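Letter by letter, the sequence shown follows residues 1 to 352 of UniProt numbering.
Every residue, glycine too, gets a C-beta built ideally from N, C-alpha and C.
Nothing here was measured: the structure is a model prediction, and the numbers come from that model.
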Amino acid sequence: MPSENVDGSENVDGTEPAERAETPTDPPRVTTIGAAAVDEWYAVSNLPEPDGGAYASEVETAPGGVGANVAVGLDRLGRDVGLVSRVGDDEYGRLARSWLAETGVDGSRVEVGDDPTTRSVILSAPDGERAIVTAGESVRELRLDSATLESVVGSEVVFLTAYAPDRVARAVLERVLDAPEADRPALVFDLSGPVAELAGRGTEPGTVHGYLHHADLFVAGGVAAPAYFGGREAAVDRLAAVRTPSVGPAVLTHGADGMTVIADGETTRVDAFEVDVVDTTGAGDAFLAGLIDRWLLTERDPTAGPSKALVDAVRFAAAVAAINCTERFTQAGLPTREEVRAFLAERDVDLQ
1 MPSENVDGSE NVDGTEPAER AETPTDPPRV TTIGAAAVDE WYAVSNLPEP
51 DGGAYASEVE TAPGGVGANV AVGLDRLGRD VGLVSRVGDD EYGRLARSWL
101 AETGVDGSRV EVGDDPTTRS VILSAPDGER AIVTAGESVR ELRLDSATLE
151 SVVGSEVVFL TAYAPDRVAR AVLERVLDAP EADRPALVFD LSGPVAELAG
201 RGTEPGTVHG YLHHADLFVA GGVAAPAYFG GREAAVDRLA AVRTPSVGPA
251 VLTHGADGMT VIADGETTRV DAFEVDVVDT TGAGDAFLAG LIDRWLLTER
301 DPTAGPSKAL VDAVRFAAAV AAINCTERFT QAGLPTREEV RAFLAERDVD
351 LQ
């Protein structure tokens, strides 16, 4: 039998609920689902090769996690956003929650459980490139009780990272597809890691397939997409065959090499902005926040066609990511809307 929460709601997978704050009556306009993590950041002399070493000249601690990064990015852009996540009842969990409380993000759906808080060790080289090792079970143990699930699908936009546990990703997809089409939120899915890296802790290939065919916006990174689809060209071909007007576009990100936009069976390349890179950690999360903001939450110019609007949205998101790369740590470098506008104006980029 499903277990009941103190408010009478039930976990959708029948497991015991974790402690969480009281859920507000009205869901936020955007809900992100993913980690609110702690990043332990090391400025290293080099990224070590196997059996090699490096020297860390600085060690810092900063907020991170894909779910929290995207939520804070949208908050900086002035959006009403909430986070669904899970942290441990430990020093890292308290730190993650205190950082979140300093933002405008609704953190009432961040559970507190008994497992160690998810955290990442980030090795950042002088050129801004990095390597990441993640530990902690808290996000892997995330469950959605029935009240939280209903709140999630009551938002206008729902974002999930592939690092969300498979049971959570499946529950959201099934609930959205069960809803009348007019009442469904826009689904944004980020294939944020290679399949091998997601095994046992993230979204399984079968569930990714469901989002591939049903998400309103499907985003995949330069490492994750080839690993899932069997190569970069194969990724473009597969997405071009699947992403129809009734489904929505897909965007492949290639770091400094730009982005590929796939919509209505056509592909368009968009260049990245050149900046003096300090730290690339979280640039993809910053891009996602900008893309959700511009494509799904901003009123579009009725005189501009959908293709132009989508390319403009990707360029706006690319500006958010570029600005993020000029600062240390992900959330510290997430820009405001005014900062993005100034960045684009300096480069004579006019977005409608």
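Taking 8 Å as the cut-off, the Cβ atoms of R315 and V270 count as close. Burial of E111 is indicated by the presence of at least 16 other C-beta atoms within 10 angstroms of its C-beta. In this structure G52 is exposed. Its beta-carbon is surrounded by fewer than 16 other beta-carbon atoms within 10 angstroms.
Per DSSP, the unbroken beta strand (DSSP E) holding I122 starts and ends at R119 to S124. Residue environment for A135: exposed (fewer than 16 other C-beta atoms within 10 angstroms of its C-beta).
The Cβ-Cβ distance between D285 and V121 does not fall below 8 Å. The alpha-carbon separation between A250 and F189 amounts to approximately 10 Å.
Rounded to the nearest whole angstrom, the CA to CA distance from R232 to E60 is 35 Å.
When C-beta atoms of the region 208 to 216 are compared with those of the region 176 to 194, three or more pairs fall below 8 Å, so the two segments count as touching. The straight-line gap separating the alpha-carbon atoms of I262 and D90 is approximately 43 Å.
Here I132 is exposed: its Cβ has fewer than 16 other Cβ atoms, across all protein chains shown, within 10 Å.
Residue state for T303 is assigned as coil, using DSSP reduced to three classes. In the same chain as W295, and ignoring 5 residues on each side of it, the C-beta atoms closer than 6 Å to its own belong to A313, in chain order. Taking C-beta atoms under 8 Å as the contact rule, R29 and D80 qualify, at a distance of about 4 Å. In the DSSP assignment, no residue is bridged to S45. Annotated three-state conformation of V278 is coil, per DSSP. In the DSSP assignment, T253 is bridged to M259. Contact between S138 and R130 is ruled out by a C-beta separation of about 22 Å, above the 8 Å threshold.
E60: member of the beta strand (DSSP E) spanning A56 to G64, first to last residue.
As the crow flies, the alpha-carbon of T281 is around 19 Å from that of E339. When secondary structure is reduced to three states using DSSP, L217 falls in the strand class.
In terms of Cα proximity to S45, the closest of E58, R341 and A37 is E58.
Exclusion of the five residues before and after F329 leaves A62 as the residues of its chain whose Cβ lies within less than 6 Å of its Cβ. In the assembly as shown, R347 is an exposed residue. Its beta-carbon has fewer than 16 other beta-carbons within 10 Å. Of the candidates D26, P205 and P245, P205 places its Cα closest to the Cα of R170. Shortest Cα-Cα distance from Q331 to any of V72, G67 and R167 involves V72.
Around A199, the same chain offers no residue with a beta carbon nearer than 7 Å, after the five sequence neighbours per side are excluded.
Our two residues, A68 and A241, have alpha carbons roughly 32 Å apart in a direct line. According to DSSP, residue pairing for I33 in a beta bridge involves V84 and L160. About 21 Å separates the CB atoms of L142 and V219; that is not less than 8 Å, and the two are not in contact.
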